[in-house]
Structure formats: structure tokens, C-alpha cells
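These notes concern the structure reproduced below.
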Amino acid sequence: MLWSGGRRLLTTGLQSQRWPFQPSRDMRLVQFQAPHLTGPRLGLEAGSDRGVIDLNAFEPTLPKTMVEFLEQGEATLSVVRRALATQLPVLPRPAVTFLAPVTRPDKVVCVGMNYADHCREQNAPVPKEPVIFSKFASAIVGPYDDIILPPESQEVDWEVELAVVIGKRGKRIKATDAMAHVAGFTVAHDVSARDWQMRRNGKQWLLGKTFDTFCPLGPALVTKDSVADPHNLKICCRVNGEVVQSSNTNQMVFKTEELIAWVSQFVTLYPGDIILTGTPPGVGVFRKPPVFLKKGDEVQCEIEELGVIINKVV
1 MLWSGGRRLL TTGLQSQRWP FQPSRDMRLV QFQAPHLTGP RLGLEAGSDR
51 GVIDLNAFEP TLPKTMVEFL EQGEATLSVV RRALATQLPV LPRPAVTFLA
101 PVTRPDKVVC VGMNYADHCR EQNAPVPKEP VIFSKFASAI VGPYDDIILP
151 PESQEVDWEV ELAVVIGKRG KRIKATDAMA HVAGFTVAHD VSARDWQMRR
201 NGKQWLLGKT FDTFCPLGPA LVTKDSVADP HNLKICCRVN GEVVQSSNTN
251 QMVFKTEELI AWVSQFVTLY PGDIILTGTP PGVGVFRKPP VFLKKGDEVQ
301 CEIEELGVII NKVV
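The sequence shown runs 1 to 314 under UniProt numbering.
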């Protein structure tokens with residue numbers, strides 16, 4: 001079961017009904033809040049029930065935000081390794097509210113048309129170069145926060161995505177060096193207002209992608225050394241319990257290394273920057289007839305080894 005603050009989020013049998021996996025027991029970094037603590041904190045998921053170790057209590061000199069933590073590099077990671085090796089008290093999940101593992105990044109870079117099977121779904125050619133767009137950081141919400149339907153759109157759609165979190169600054173990064181710039185991975189939901197993406201605003205994608213709450217992230221930043229192969233992970237989205245997307249990250253046209261090399265030609269990547277790597281087939285807009293999210297829906301986005309995020313539509 002998953003919990004968020006005082007709200008119980010039922011996922012009983014979630015993995016066993018679909019494709020079972022055990023989330024990594026290694027380094028799963030989170031941002032959280034708790035009623036008895038001041039402000040956001042950095043934590044480490046631990047224990048069989050995925051409770052949270054308060055890293056700021058373990059080492060008070062640690063930053064309290066993920067971006068600052070990543071900016072300090074290896075020094076802060078060594079503290080987390082010490083925490084992992086120490087028997088520390090664990091805050092139970094009901095006692096904490098999970099935030100997005102990264103908040104206020106310098107940029108959120110997104111990749112369109114990056115699954116071969118998603119291209120086939122819409123009878124579109126596979127891109128020869130990455131298709132890049134973006135979201136504003138204000139779209140980011142936590143792994144169990146609500147998605148707010150904007151009154152300006154009647155066509156809000158789902159897209160589960162693997163998100164890459166940058167850990168080290170770089171410009172014009174070679175593909176062979178790219179993984180040295182990666183901190184880890186997390187689950188993202190690229191919520192999309194299709195009317196604004198496909199018809200309004202000159203058919204530019206930005207506005208349709210970046211309404212407030214249109215980028216749920218989490219539940220944890222799983223460090224790259226805790227993921228066996230980011231390009232061979234089962235990826236799934238469910239709406240009200242029904243599987244709507246089910247694929248594997250091995251369908252990605254451009255892998256993490258290629259995306260980092262491509263994007264860093266144009267912009268400097270900074271610690272905490274997020275790259276959403278595209279979505280598999282099964283989105284609502286290409287169904288016949290199209291299906292869109294409505295008030296009361298619950299969306300679960302899940303990626304093998306990384307976990308599941310659950311967001312109610314309000």
C-alpha cells in the first residue's frame with residue numbers, strides 16, 4: 001500500500017496483477033514534509049513498508065532541497081551511503097507527505113515521439129532527430145497530488161514517462177560521457193491538454209503541456225546505480241484501474257545518452273534538470289473515439305524498479 005500524509009492510497013495487489021517487480025532496495029531519495037518538522041526535508045526510502053529516513057536529522061548540514069543536494073555532488077552522496085549503512089529510525093509512510101523528488105529545477109525538457117510503438121499508433125514516421133519541447137517547473141506536483149482540470153481545456157490526456165534527473169552540470173556532452181551527468185531516474189506523468197497542443201496557439205505544444213499540476217513526479221529519485229537497465233523497464237499507465245498504456249523503455253527511439261548529448265548542444269544542463277523521455281502508445285487522443293480525463297478519475301503511472309505515482313483528477 002502507498003500512503004501520502006494522512007490519505008491512504010490503496011494499491012493492494014497492484015504489481016501482482018500486472019508485472020511483478022521489487023523496487024530497488026538501494027538509494028531511493030525523496031523530498032517530504034511532516035507535521036512535526038519545519039519545511040521540506042530530504043529523505044531516503046527504507047524498510048519493507050518504504051518508510052522514510054530523515055536525512056536532515058541524520059546530518060543537519062545537508063541541504064533540504066534535492067536541487068541543492070545534487071549541486072553538492074559526491075560529498076552529499078557519501079552522507080547518504082553512510083545513512084544507508086546505519087540503523088536509523090524510520091518515519092512511517094502515514095506520518096509524511098511526499099513531495100516531488102525534484103522541485104524548482106532550472107528546466108524541464110520533454111521529448112516527443114520517442115517510442116517506436118507510439119509513432120506507429122499515430123501513423124507517424126519515427127523521428128530522425130529528437131523532438132524537443134518543455135514544461136515550466138510550476139507544472140510539477142508530488143507523486144500523490146491532484147491533477148487539476150483547467151477550465152480552458154476539454155481534452156486532458158495521460159502520458160506515463162521515464163524521467164531522467166541530471167546530477168552534474170554540462171554543455172555539449174558526448175553521448176559516451178552522458179551517464180556521468182545523470183543522478184538517477186523517476187516516474188513522470190506528462191499530462192497533456194490536446195486541444196491546446198494540437199489545434200490552439202499555432203499548434204505549438206508548450207501551453208498544452210504546462211498547465212499547473214501537469215507534471216506529477218515521483219515517488220523517489222532512484223539513483224542510476226540502483227537501476228539495472230533504464231532502457232529495459234516495463235512501463236504502464238492505468239486509469240481507474242484499467243491498463244491504458246503498457247510497453248517497455250526498450251521501445252525508446254533515442255536513449256538517455258543520445259538525448260543528453262542532443263539537448264546539451266543547445267542548453268547547459270544543470271543539477272536537478274529533468275528530461276521526460278517520451279511516452280508509449282495507448283494515449284486517449286488516438287483512441288476511437290478519443291477518451292479524455294474527467295473529474296474523479298484516478299491515474300496510476302508505474303515503471304519497473306522505480307515505483308508508482310497515483311494522482312486523482314479534480
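Where is the CB? At the ideal position from N, CA and C, for every residue including glycine.
From a predicted model like this one, the values you see are computed outputs, not experimental measurements.
Consult DSSP for residue i and reduce its assignment to one of helix, strand or coil.
i, result
"residue 81", "helix"
"residue 198", "helix"
"residue 302", "strand"
"residue 176", "helix"
"residue 133", "strand"
"residue 189", "strand"
"residue 242", "strand"
"residue 203", "helix"
"residue 263", "helix"
"residue 153", "coil"
"residue 251", "helix"
"residue 257", "helix"
"residue 120", "helix"
"residue 24", "Only weak support exists for where residue 24 lies, its pLDDT of 38 falling under 50; the value from the coordinates is given anyway. Here residue 24 sits in coil by DSSP."
"residue 182", "strand"
"residue 218", "strand"
"residue 312", "strand"
"residue 284", "helix"
"residue 139", "helix"
Tell me which same chain residues have a C-beta within less than 7 Å of the C-beta of residue i, skipping the five on either side of it?
i, result
"residue 296", "313"
"residue 99", "31, 32, 33, 40, 142"
"residue 146", "213, 311, 312, 314"
"residue 255", "231"
"residue 250", "231, 232"
"residue 197", "205, 208, 209"
"residue 259", "111, 130, 275, 277"
"residue 101", "29, 30, 31, 66, 186, 217, 218, 220, 221"
"residue 181", "166, 167, 168, 170, 173, 260, 269"
"residue 133", "110, 112, 205, 206, 209"
"residue 88", "53, 58"
"residue 148", "212, 213, 314"
"residue 178", "256, 257, 260, 261"
Smallest Cα separation from residue i: which of the options?
i, options, result
"residue 151", "174, 195, 230, 282", "195"
"residue 106", "273, 286, 156, 263", "273"
"residue 306", "184, 153, 81", "184"
"residue 49", "64, 95, 198", "95"
"residue 348", "219, 165, 224, 146", "In this structure the chain extends from 1 to 314, so residue 348 is not present and cannot be described."
"residue 186", "43, 302, 199, 57", "302"
"residue 340", "84, 70, 97", "Look at the range of the chain in this structure, 1 to 314, and you will see that residue 340 is not part of it."
"residue 121", "86, 104, 246", "246"
"residue 280", "263, 236, 288", "236"
"residue 83", "148, 257, 44, 288", "44"
What does a CB cutoff of less than 6 Å around residue i pick up in its chain, not counting 5 residues either side in sequence?
i, result
"residue 188", "161, 163, 217, 276"
"residue 214", "139, 191"
"residue 291", "284"
"residue 248", "234"
"residue 25", "In this predicted model, residue 25 has a pLDDT of only 49, less than 50, meaning its place in the structure is not dependable; the value taken from the coordinates is given anyway. So no residue of the chain qualifies."
"residue 223", "27, 184"
"residue 238", "300"
"residue 308", "300, 302"
Please confirm whether any heavy atom of the ligand ATP lies closer than 6 Å to the CB of residue i.
i, result
"residue 135", "This structure lacks the ligand ATP; in fact it carries no ligand of any kind."
Leaving out five residues before and five after residue i in sequence, what residues of the same chain have Cβ atoms less than 8 Å from its Cβ?
i, result
"residue 90", "46, 47, 51, 52, 53"
"residue 126", "113, 116, 119, 253"
"residue 157", "191, 192, 193, 194, 283, 284, 285, 292, 293"
"residue 21", "Only weak support is given to the placement of residue 21: the predicted model assigns it a pLDDT of 36, under 50, and the value that follows is read from those uncertain coordinates. Contacts found: 15, 234, 304, 305."
"residue 79", "55, 58, 59, 62"
"residue 69", "29, 42, 62, 63, 76"
Review point. Is the region 233-251 touching the region 71-89 in the sense that three or more CB pairs, one from each, lie closer than 8 Å?
Key: no
**Study point:** Ranges of the beta strand (DSSP E) found wholly within the region 33-98, counting only runs of at least 3
**Key:** 41-46, 51-54
Practice item. Decide if the region 132-145 is in contact with the region 159-174; the criterion is three or more beta carbon pairs, one per stretch, under 8 Å apart. Key: no
Check your understanding: Would you say the region 224-236 touches the region 267-274, given that touching needs at least three Cβ pairs under 8 Å?
Key -> no
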